[in-house]
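Chemist: In the working numbering, the protein residues as written are 24 to 591.
Let me begin by handing over the structure; questions about it come next.
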């Protein structure tokens with residue numbers, strides 16, 4: 024049985040005696056005790072990596088210690104020992120980071136053991152989620168969250184130690200053609216192969232991240248000169264362009280790489296990323312795989328019309344964005360119960376462009392607020408159309424960005440859109456991510472409350488990949504949790520993903536929330552989710568995102584499938 028170290032912090036010897044005796048009676052024996060009667064070095068004790076949980080007596084220093092633990096990201100859960108359960112005090116201490124509490128005089132063995140077991144298991148689950156949330160599930164490279172953290176740390180080290188850091192922004196040329204010709208499965212094979220090739224060209228201090236479908240970023244620490252960066256980039260271009268086998272055919276692609284240097288090109292994270300992307304766009308405008316280092320003399324053409332920025336501004340002005348809708352299916356009945364509206368860019372030259380290729384650029388350029396209101400308008404019109412097609416009981420979900428919901432006019436504009444379109448707000452759902460909520464929980468809650476009164480519901484998207492406090496689940500008007508696709512991908516063969524999915528489903532059930540699993544692609548995944556009482560699911564098993572006009576046919580096909588299953 025795994026042993027867990029529990030630190031007891033109290034100036035009362037009776038607390039130590041009672042708790043020690045209780046934990047020693049645990050069967051099976053799983054707790055190793057550590058005690059601290061004084062707090063001469065409180066931070067050292069709270070940050071000790073060998074400590075799995077802390078039971079701390081409430082006293083004059085409690086709030087200070089909780090703030091200290093939160094500021095320094097103490098991993099061990101803090102359980103307070105109180106004289107009584109005054110609700111106001113308990114709520115305040117939990118907001119400051121306390122995980123749970125015990126009451127003197129009510130220290131029954133079963134209760135103490137259960138609270139410790141639960142707190143330690145929750146800590147382990149959060150740590151696993153943290154690790155998963157920093158990684159791209161397809162390649163194992165860093166994702167956007169992990170990339171930002173690593174680049175910011177590298178920039179900090181550069182500043183402290185006086186060396187240069189380079190950022191390479193890499194785009195695979197014509198990757199959309201690979202997906203169209205060979206299919207997404209072979210496209211994934213190519214992306215994984217390219218990721219491995221890039222990793223093989225890195226030093227131990229470097230890192231690689233996958234930023235989108237066909238975009239990577241590489242952070243090169245402690246580079247002596249731009250010539251060294253160019254040498255590394257050239258090796259990467261040659262490695263990427265080496266042929267590979269897809270569906271028994273030899274295939275070769277090229278890439279475009281842009282670079283920016285810290286601190287000489289840019290001193291802020293967003294600035295450095297944008298400059299490296301600009302250099303990559305310049306490289307992309309040339310024939311063949313090219314490397315370009317950013318300089319303030321870079322131009323795309325005389326008018327600047329070939330730049331991604333110019334194209335996106337034109338797209339917003341001419342309303343070139345459209346929505347496709349991914350069906351959400353009730354696992355108990357097999358019926359269509361909801362749709363997630365997913366953005367697509369209908370580019371006049373390139374055709375339909377997936378969001379991975381332009382969303383981040385839109386966010387950096389401040390366009391998402393305008394695009395977001397267009398999306399809400401389209402979604403409301405779609406809901407009215409569905410009602411005309413005799414599909415009135417289908418929810419339409421829209422992803423809401425932080426730039427949108429922080430807009431002072433957000434609530435008023437949404438009300439106006441709903442009123443003018445004639446949409447039923449009770450069938451409209453806004454999806455927020457944990458990271459969005461964390462940026463401003465107070466202001467976001469006020470806007471959510473106003474819209475909830477209108478009838479609009481809210482779901483927590485990508486649940487499990489962020490770090491929001493669990494208290495948000497009870498404080499905010501959230502009615503649904505969406506399990507991120509990264510926790511569904513390897514079900515039912517991955518024990519960690521199985522544990523996380525089961526935990527989220529049970530948590531949703533206990534909180535009276537709907538649970539929706541994203542990214543389901545196989546019959547095994549569907550059966551696992553159904554057996555564990557997940558209510559709804561979306562993913563390629565049922566359908567990719569499709570144009571609105573294709574939905575009635577999809578519904579009819581689903582009805583025929585269910586009818587055939589009943590007759591067979």
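From the three backbone atoms N, C-alpha and C, an ideal C-beta is built for every residue, glycine too.
The model shown is predicted, which means the values in this text are computed figures rather than measured ones.
Please return the same chain residues whose Cβ sits closer than 6 Å to the Cβ of residue 367, not counting the five positions on each side in sequence.
Modeler: Around residue 367: 345, 347 and 375.
Chemist: Is the beta carbon of residue 193 less than 8 Å from the beta carbon of residue 255?
Modeler: no
Chemist: Measuring only the C-alpha atoms, how far is residue 308 from residue 419?
Modeler: Straight-line Cα distance between these residues: approximately 39 Å.
Chemist: Any contact between the stretch 267 to 279 and the stretch 242 to 258? By contact I mean 3 or more CB pairs, one from each, below 8 Å.
Modeler: no
Chemist: If I measure Cβ to Cβ from residue 540 and keep anything under 6 Å in the same chain, skipping five residues before and after, which residues do I get?
Modeler: 506, 511, 552, 557 and 560
Chemist: How would you call residue 126, buried or exposed, if buried means at least 16 neighbouring beta carbons within 10 angstroms?
Modeler: Exposed.
Chemist: When the distance is taken between beta carbons, is residue 85 closer than 8 Å to residue 57?
Modeler: Not closer than 8 Å, so no.
Chemist: Just how far apart, CA to CA, sit residue 89 and residue 68?
Modeler: Rounded to the nearest angstrom, the two C-alpha atoms are 13 Å apart.
Chemist: Looking only at C-alpha atoms, which of 521, 455 and 408 sits nearest to residue 500?
Modeler: Relative to residue 500, the option among 521, 455 and 408 whose CA is nearest is 455.
Chemist: Excluding the five sequence neighbours on either side, which residues of its own chain have a C-beta within less than 8 Å of the C-beta of residue 46, listed in chain order?
Modeler: 29, 54, 56, 135, 136 and 139
Chemist: Rounding to the nearest angstrom, what Cα-Cα distance links residue 182 and residue 526 in this structure?
Modeler: 42 Å
Chemist: Determine the burial state of residue 391: buried for a count of at least 16 other Cβ atoms within 10 Å of its Cβ, exposed for fewer.
Modeler: buried
Chemist: Might you give, ordered along the chain, the residues of its own chain that have their beta carbon closer than 6 Å to the beta carbon of residue 215, omitting 5 neighbours on each side?
Modeler: Correct list, in chain order: 162.
Chemist: Should residue 353 and residue 317 be called a contact, given that it needs their Cβ atoms to be closer than 8 Å?
Modeler: no
Chemist: Under three-state DSSP, which class holds residue 284?
Modeler: strand
Chemist: How would you write the range of the beta strand (DSSP E) that residue 418 sits in, first residue to last?
Modeler: Looking at the DSSP string, the run of the beta strand (DSSP E) that includes residue 418 is 418 to 422.
Chemist: I want to know whether the stretch 333 to 341 touches the stretch 566 to 582 - three or more CB-CB distances under 8 Å.
Modeler: no
Chemist: Following the continuous beta strand (DSSP E) through residue 370, name the residue where it begins and the one where it ends.
Modeler: 359 to 370
Chemist: Tell me, to the nearest whole angstrom, how far the beta carbon of residue 550 is from that of residue 564; I am working on the premise that it is less than 8 Å.
Modeler: About 11 Å; that fails the 8 Å criterion.
Chemist: Along the chain, where does the alpha helix (DSSP H) that runs through residue 202 open and close?
Modeler: 198 to 205
Chemist: Whose CA, out of 33, 212 and 481, lies closest to the CA of residue 457?
Modeler: The option with the nearest alpha carbon to residue 457 is 481.
Chemist: If you measure from the CB of residue 293, is any heavy atom of the ligand FAD nearer than 7 Å?
Modeler: As for the ligand FAD, it is missing from this structure, which has no ligand bound.
Chemist: Where does residue 306 land, buried or exposed, given buried means 16+ other C-beta within 10 angstroms?
Modeler: buried
Chemist: Looking only at its chain, what residues have a beta carbon closer than 6 Å to the beta carbon of residue 81, apart from the 5 residues adjacent to it on each side?
Modeler: Around residue 81: 103 and 105.
Chemist: Quick check: the Cα distance between residue 165 and residue 157, rounded to an integer number of angstroms?
Modeler: 6 Å
Chemist: Within 10 angstroms of its Cβ, does residue 237 collect 16 or more other Cβ (buried), or is it exposed?
Modeler: buried
Chemist: Beta carbon of residue 235, beta carbon of residue 389: below 8 Å?
Modeler: no
Chemist: Quick check: the Cα distance between residue 74 and residue 170, rounded to an integer number of angstroms?
Modeler: 29 Å
Chemist: Please tell me whether residue 421 and residue 409 are closer than 8 Å, where the distance is taken between their beta carbons.
Modeler: no
Chemist: Classify residue 476 as buried or exposed, calling it buried when 16 or more other Cβ atoms lie within 10 Å of its own Cβ.
Modeler: exposed
Chemist: Within the continuous alpha helix (DSSP H) that includes residue 547, where are the two ends?
Modeler: 546 to 554
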